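Peer 1:
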Amino acid sequence: MTSARARLFGVAVVTAVLAACGGGGGGGGTPQETTSGAAETAATGAEEEDWTADPEETGGGQGGDGESDGEVFPGSDTEKPSASSIKLSRTEVGKPVQGVVEVKGSTTAAAKPLQNVNGTIAGEELELIQKCLGEVPPEGCEVIFAYTPTEPGPYSGELTFTMADGSTVTAPISGEAVGGATSTSASPVEPTTTAPPAPTTETEELPPEVPTDTPEPDDYDLP
310 MTSARARLFG VAVVTAVLAA CGGGGGGGGT PQETTSGAAE TAATGAEEED
360 WTADPEETGG GQGGDGESDG EVFPGSDTEK PSASSIKLSR TEVGKPVQGV
410 VEVKGSTTAA AKPLQNVNGT IAGEELELIQ KCLGEVPPEG CEVIFAYTPT
460 EPGPYSGELT FTMADGSTVT APISGEAVGG ATSTSASPVE PTTTAPPAPT
510 TETEELPPEV PTDTPEPDDY DLP
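Count along the sequence shown from 1, then add 309; that gives the number in my numbering.
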């Protein structure tokens, strides 16, 4: 009985030791794996949050690539129209420069529709590439124009927006051109004609008349 009890006691001790070792290993591994997985999930979420760029960085949100040269708001029933100055990039004489104007929309009330857009610089009509006429969407739209300077130095003009109700808003334009002036029209060269010399008439000079006295015969004495 004593030896049998001893064997049973030994088996019980070994079983307890094995159970303790197995339980400790399993229990210790699970929290570590859980913690590591949570950390990876948090890191992934952080990366995804950083990748979702701000609208100002991507140029989204207000209709364009965020590189406009000016802004115009046509106004609404509850808001007044407004316009900022338009600053064009420096360019060379004879090379066209484009201006991009962001037409702002409204999320609170519908912006007034655009009926027409026109502008001038130094008395010259601007080339309108994109007008954005009609209803202005809430995210806005863009008006694009082009101008080719013909003289060096600063220049100025204006861009006028006409709404459907007849109201207008004007944005001033400014820029600068460098380089030499380009001649728009060459003055015609008049041909030079050489007139032939006038004929000269020579007058023959006659020698002065020499008086010739013919002697008259003397009276003859009659015999």
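Think of the CB as a built atom: it goes at the ideal place given N, C-alpha and C, for glycine as much as any other residue. Predicted model only: the values in this text are computed from it and were never measured.
Based on Cα-Cα distance, which residue from P390, V381, T400 lies nearest to G462?
Peer 2: Translated into positions along the sequence shown, residue 462 becomes position 153. For G462, the nearest C-alpha among the options comes from T400.
Peer 1: Using beta-carbon positions only, say whether G449 and V409 come within less than 7 Å of one another.
Peer 2: As a working mapping, residue 449 is identified with position 140 in the sequence shown. As a working mapping, residue 409 is identified with position 100 in the sequence shown. Cβ distance not < 7 Å, so G449 and V409 don't count as in contact.
Peer 1: What are the start and end residues of the beta strand (DSSP E) that includes C450?
Peer 2: Counted from its first residue, the sequence shown places residue 450 at position 141. It spans 450–456 - the beta strand (DSSP E) in which C450 sits, taken as one unbroken run.
Peer 1: Among Y456, F382, T471, which one has its Cα closest to the Cα of T431?
Peer 2: Position 122 of the sequence shown holds residue 431. In the sequence under discussion, the amino acid at residue 431 is Ala, which differs from the Thr named in the question. Among Y456, F382, T471, the Cα nearest to that of A431 belongs to Y456.
Peer 1: Leaving aside the five residues before and after S377 along the sequence, list all residues of the same chain whose C-beta is less than 8 Å from its C-beta, in chain order.
Peer 2: For the purposes of this step, residue 377 is taken as residue 68 along the sequence shown, with counting starting at 1. Result list for S377: V409, V410, E411, E451, in chain order.
Peer 1: Could you check what DSSP says for K404 in three-state terms: helix, strand or coil?
Peer 2: The count along the sequence shown starts at 1 and reaches residue 404 at position 95. The answer is coil: DSSP assigns K404 none of H, G, I, E or B.
Peer 1: Which term fits V487, buried or exposed, when burial requires 16 or more other beta carbons within 10 angstroms of its beta carbon?
Peer 2: The residue given as residue 487 occupies position 178 in the sequence shown. Under this definition V487 is an exposed residue.
Peer 1: Ordered along the chain, which non-local residues of its own chain (more than five positions away) have a Cβ less than 6 Å from that of Y415?
Peer 2: In the sequence shown, counting from the first residue as 1, residue 415 sits at position 106. Inspection of the sequence shows that residue 415 is occupied by Ser rather than by Tyr. Excluding sequence neighbours, S415 sits near S385.
Peer 1: Please classify P405 as buried or exposed, where buried requires at least 16 neighbouring CB atoms within 10 angstroms.
Peer 2: In the sequence shown, residue 405 corresponds to position 96, counting from 1. The residue is exposed, with fewer than 16 neighbouring Cβ atoms inside 10 Å.
Peer 1: Among E380, E388, P422, V381, which has the Cα closest to the Cα of D474?
Peer 2: Within the sequence shown, numbered from 1, the residue matching residue 474 stands at position 165. Measuring from the Cα of D474, the nearest candidate turns out to be P422.
Peer 1: Around the C-beta of P447, are 16 or more other C-beta atoms found within 10 angstroms, so that it is buried, or is it exposed?
Peer 2: Within the sequence shown, numbered from 1, the residue matching residue 447 stands at position 138. Counting Cβ neighbours within 10 Å, P447 comes out exposed, since fewer than 16 surround it.
Peer 1: Does DSSP put V445 in a helix, a strand or coil?
Peer 2: Here residue 445 refers to the residue found at position 136 of the sequence shown. If DSSP states are grouped into helix, strand and coil, V445 belongs with coil.
Peer 1: Excluding the five sequence neighbours on either side, which residues of its own chain have a C-beta within less than 6 Å of the C-beta of L442, listed in chain order?
Peer 2: Counting from 1 along the sequence shown, the entry for residue 442 is found at position 133. For L442, where only same-chain residues beyond five positions count, the Cβ hits under 6 Å are L423.
Peer 1: For S547, which of helix, strand or coil comes out of DSSP?
Peer 2: The question about residue 547 has no answer here: the residues shown for the chain are numbered 310 through 532.
Peer 1: Here's the rule I'm using: 16 or more other beta-carbon atoms within 10 Å means buried, otherwise exposed. How should G489 be labelled?
Peer 2: Mapped onto the sequence shown, residue 489 falls at position 180. Exposed, since its Cβ has fewer than 16 Cβ neighbours within 10 Å.
Peer 1: The beta strand (DSSP E) spanning T429 covers which residue range?
Peer 2: The residue you call residue 429 lines up with position 120 of the sequence shown. Counting along the chain, the beta strand (DSSP E) containing T429 begins and ends at 423–430.
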